[in-house]
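Chemist:
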Amino acid sequence: MIFDTHSHYTDEQFSDIEELLTKLNTENSVSEIITCGTDIASSKAAISLSERFPFVYAAIGYHPEEFSRCDLDLDTLKSLITKKVLAIGEIGLDYYWNKENKEKQKHGFIEQIKLAQKLNLPVIVHDRDAHGDTLQILKEYTPKGVVHCFSGSTEMAKEVIKIGMYIGVGGVVTFKNAKNLPEVIENSPLDRILLETDAPYLAPVPFRGKRNDSSLIPYIAEKIGDIKGISADEVLKITRQNAYNLFFKF
Ligand code: NI
């Protein structure tokens, strides 16, 4: 069974969402999905999807890219919380798309971590080209959660794990230019790794560039299994338990 810990099923690319989610659940062994918001509107949409499908859960928050378009409204974000909201996310820092508003991004990231801690929820963290500042904030506030689509070094992974957080791994691990991700996986205990798609983005090889969905997670598990010397099934089983430990027992 498959637990997809990070996706964006409210994206407009999913015009066939009702059939797709039904198929994933009944034919592709996808047993849990977390779909993430990136602002208030998409967070509302994520919650609405989670209300229509029992196996779909929501994460809500402001993605760092959104801070070039809008301001943080914590009260509104907080007012959206339902039982199907499992995390605050995706939140974090993105210096690839925007270096001009670093302070605003950091403020938004920290305030949302504090909100998650107040609500006793984990965080789903986005870190693109911002490893230093991301790690510094995580070490200072020590939230529970996951660094999704992990792209840092093995040393950073060790620090993230030491805080008690998880490493999110998706389709990138199957790419030829996966950089240090195989080494990160080799050096990270399997009980600290979560599987994710980031659907509709980052489809694994041999579907790279196509629309991604949770049925492709076995390709990611296969690659991690190769690195760890275990079967893809074992990877699916252990990482699903990890996701339960983080999102349902925390
Ligand atoms: Ni994402």
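First residue of the sequence shown? That's 30 in this note's numbering, and the numbers climb one at a time after it. All residues carry an ideal CB built from backbone N, CA and C; glycine is no exception. Source: prediction; values computed, not measured.
With HIS155 as the anchor, note down where its beta strand (DSSP E) starts and where it stops.
Modeler: 152–157
Chemist: According to the Cβ coordinates, are GLY90 and GLU119 closer than 7 Å?
Modeler: yes
Chemist: Could you check if GLU47 belongs to the surroundings of ligand 1, using beta carbon to heavy atom distance under 6 Å?
Modeler: no
Chemist: Around the C-beta of ARG98, are 16 or more other C-beta atoms found within 10 angstroms, so that it is buried, or is it exposed?
Modeler: With fewer than 16 Cβ atoms within 10 Å of its Cβ, ARG98 is classed as exposed.
Chemist: When DSSP builds the beta bridges, which residues end up paired with THR64?
Modeler: THR64 is bridged to SER36, ALA87.
Chemist: What residue does the beta strand (DSSP E) around GLU119 start on, and which one ends it?
Modeler: 114–123
Chemist: So is ASN206 buried or exposed if we call it buried at 16+ other beta carbons inside 10 Å?
Modeler: exposed
Chemist: What residue range does the beta strand (DSSP E) around GLY254 cover?
Modeler: Not the beta strand (DSSP E): GLY254 falls in the alpha helix (DSSP H), residues 246–257.
Chemist: PHE84: which of ASP104, PRO151, THR34 sits nearest, CA to CA?
Modeler: THR34
Chemist: Between the alpha carbons of VAL264 and ALA250, how many angstroms are there, rounded?
Modeler: 6 Å
Chemist: Between PHE138 and ASN54, what straight-line distance do the alpha-carbon atoms span, to the nearest angstrom?
Modeler: Spanning the two alpha carbons is a distance of roughly 33 Å.
Chemist: Specify the secondary structure class of VAL213 as computed by DSSP and reduced to three states.
Modeler: For VAL213, the secondary structure class from DSSP, reduced to helix, strand or coil, is helix.
Chemist: Have a look at THR64 and LYS252 and give me their C-alpha separation to the nearest angstrom.
Modeler: Rounded to whole angstroms, THR64 and LYS252 show a C-alpha spacing of 23 Å.
Chemist: Is the stretch 147–154 in contact with the stretch 124–132, if contact means three or more CB pairs nearer than 8 Å?
Modeler: no
Chemist: Between LYS73 and the rest of its own chain, which residues show a CB-CB distance below 7 Å, the 5 nearest in sequence each way excluded?
Modeler: For LYS73, where only same-chain residues beyond five positions count, the Cβ hits under 7 Å are LEU109.
Chemist: Nearest CA to the CA of LEU101: which residue from LYS187, GLY199, GLN141?
Modeler: GLN141
Chemist: If you run the structure through DSSP and keep just helix, strand and coil, what is LEU164?
Modeler: helix
Chemist: Using the beta carbon as the reference atom, which residues fall closer than 6 Å to any heavy atom of ligand 1, ordered along the chain?
Modeler: HIS35, HIS37, CYS65, GLU119, ASP227
Chemist: Using DSSP with H/G/I as helix, E/B as strand and the rest coil, what is LEU109?
Modeler: coil
Chemist: Tell me where the alpha helix (DSSP H) around VAL264 begins and ends.
Modeler: 261–276
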